[in-house]
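To keep things clear, I will list the structure first and then write my remarks on it.
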Amino acid sequence: MDILKKKLLRVIVLLILILVMLIEASTFVPVSDVSKTPETETPNVDEFAVPGFGVVADDSRAVDIGMDVLQKGGSAVDAAIAISYAMGVVLPVATGLGGSGIMLVYPGDGTTPVVYDYMGSASENISGKSAVPGFVKGMVAAHNDFGKLDMAELLEPSIKLAKDGSPVSALLSTLTNNSGFRISSSLRSTFFNNGKAIAKDEILKQPDLAKALEIIKNNYIDFYEGEVAKEIVKNSNLTLKDLAGYQVVKREPIKGIFSGYEVYSSTPPSGGVTLVQTLSLAEKLKLGNIKENSANYISLLAAITQVTYNDRLGNIGDPSFYDFDDNILTSDDYVNNLASQVKLIDSFNQLPVDDSPAIVEDEENTTHIVVYDKNGMMVSLTNTLTQFFGTGESAFGFFINNHMDNFSLNSKSINAVEEGKRPRSYIAPTILVKDEKPVIGIGSPGGMRIPLMLTQVMIRFLENKEPLQAAINAPRFFYNENKLYIEKNYLSELEMDKLRKDGVSVILNNSQQFYGSVNALYIDYENKEIKGGADPRRNGTWEWIGN
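For the sequence shown, my numbering assigns the number 1131 to the initial residue and increments by one for each residue that follows.
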């Protein structure tokens, strides 16, 4: 009997111990959560978990190359570099080694976003057409800070494309047919056969370009000081001193607020300030409350653009050549002052004259890329030759830019040419952020139309809640010199008549190049997915893979 009592007592004690352990486990609170209450608790980290990685660009082959880099563990910067080089092979008329650009990086780890300005700088021979191409050094600078894979690995796909050849896209064929008359170099025979532009799906081989890429892979300095540099000098106004002395400039981006998002964009002398000002005024003046496809909408947005473009002429230039805080131009006080200048009665006056030759000739050439990686880094970048085919001259199979045409002809302008100075441009790679997470990366080619094209898309997407792709596909307009250019189905006859009564010349212009090519990625943290928007006007495409 005593033995049974002892066994029963042991069982009871054991059950009590188990019960105590279960109670303690159910009430355990991690140290990091001790001070939190339901009212102050921060969102669960899963709400901001990176949903995957993605890419958008103007060619599916470049997108595939970028996605491959990301799948191998490369950073968004790695992928952006690989895509940039690839675009120089598949769309060499618009971008490449002889050009320049701007890259905006939002690291996504709490560190400060950074702008890599690798735009061309003026030669000591300021009367020439070409500025020092910054593309190659720009890629190197960004890679030094954020690269994970070897640069050689990032160049290999482009070398293969150039050497083995690849099918000509519809866009490349069209641009060659429309603008190929500018080619004055030995490359003419590469892009024309018996006087006819290369056709869609024809295999384009570029052995000289492949050789240049191999040289860069082995030692990028040779592009600026070696064999490639000498070839550039032979076919342009540039000197070996110009090339050897080129430096990439790193800056903190311009910042503004739109539709509840922090807007980061490229610094002067690019178009970031103009874009942020235009967005700020659109929100302040409640443009989103007006139906887009109406005379009233066009009237107000044209008036806003008149003010921001006018402000650009007096205040935007190369920051290295003046002492001024550019962030003042996007401050609340400054934007309020701009708002007071918006007069609807003046909406259809001519926009202020920008007398740079590139604007006079209505340049529309660039290409835009957005990348988001599995660690939450986003990159938005725009690369350019300024004009399709640049000067038309080439070296080692790539076209040389005509960036010098972006300087003002007015010697008193803030944008007047000086040796070493970067000319003004409208390109505006942009990233929108909420809760310190990159949400939207966006940009476009289109010359002076870029700020207005991006504004129209962002109003549709963020203010009017249209799907991203629908917002990009939607018809656009551009107004200048008392002429309103609209895409098909943008306005009804009734709305067009309202504008005509105000003395406006309404012009139907369905050129696929005229209205830019807005490419964007939207990171939907709530639904754990990435949504892309690729502009069909220039063969845009996007892709993403979930984690």
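Heads up, the beta-carbon is just placed ideally off N, CA and C, and yes, glycines get one too.
- Within its own chain, the residues whose Cβ lies closer than 6 Å to the Cβ of ALA1340, once the five positions on either side in sequence are excluded, are ILE1289, ALA1292, LYS1293, listed in chain order.
- Counting the other CB atoms within 10 Å of its CB gives PRO1337 a total below 16, which places it among the exposed residues.
- Comparing C-alpha distances from PHE1529 to each of SER1257, GLY1676, THR1320 shows the shortest one belongs to THR1320.
- Considering only ILE1420, LYS1416, LYS1385, the residue with the shortest C-alpha distance to LEU1405 is LYS1385.
- Minimum Cα-Cα distance from VAL1270 among the listed residues SER1303, MET1233, ARG1630 corresponds to MET1233.
- Counted as a single uninterrupted DSSP element, the beta strand (DSSP E) harbouring THR1496 occupies residues 1495–1502.
- Taking the C-beta atoms as reference points, LEU1443 is found no nearer than 7 Å to GLY1229.
- Using a Cβ distance threshold of 7 Å, SER1316 and PRO1559 do not count as a contacting pair.
- DSSP links TYR1236 through a beta bridge to MET1508.
- With the rule of 3 Cβ pairs closer than 8 Å, the stretch 1590–1602 does not count as touching the stretch 1275–1286.
- Exposed is the label assigned to ASP1453, since fewer than 16 other Cβ atoms lie within 10 Å of its Cβ.
- Straight across, the Cα-Cα distance linking ASN1505 with ASN1677 is about 10 Å.
- About 7 Å separates the beta carbon of SER1253 from that of THR1369, a gap short enough to meet the 8 Å contact definition.
- In the three-state DSSP reduction, GLU1283 falls in the helix class (H, G or I).
- A distance below 8 Å between beta-carbons, with the five flanking residues on each side excluded, links LYS1380 to the following residues of its chain, in chain order: VAL1244, VAL1245, TYR1246, ASP1247, ALA1271.
- Per DSSP, the continuous beta strand (DSSP E) segment holding LYS1385 begins and ends at 1384–1388.
- Only residues of its own chain outside the window of five on either side were considered, and among them PRO1398, PRO1399, ILE1544, ASN1545, ARG1554 have a CB closer than 7 Å to the CB of GLY1447, listed in chain order.
- In the same chain as HIS1273, and ignoring 5 residues on each side of it, the C-beta atoms closer than 8 Å to its own belong to VAL1207, ASP1208, ILE1211, MET1281, LEU1284, in chain order.
- Annotation for LYS1371: the continuous alpha helix (DSSP H) segment containing it runs 1370–1374.
- In the DSSP assignment, VAL1393 forms a beta bridge with GLY1386, LEU1562.
- Ranked by Cα distance from GLU1382, the options LEU1373, ALA1374, TYR1376, TYR1394 are led by TYR1394.
- Here DSSP, grouped into helix, strand and coil, assigns LEU1584 to helix.
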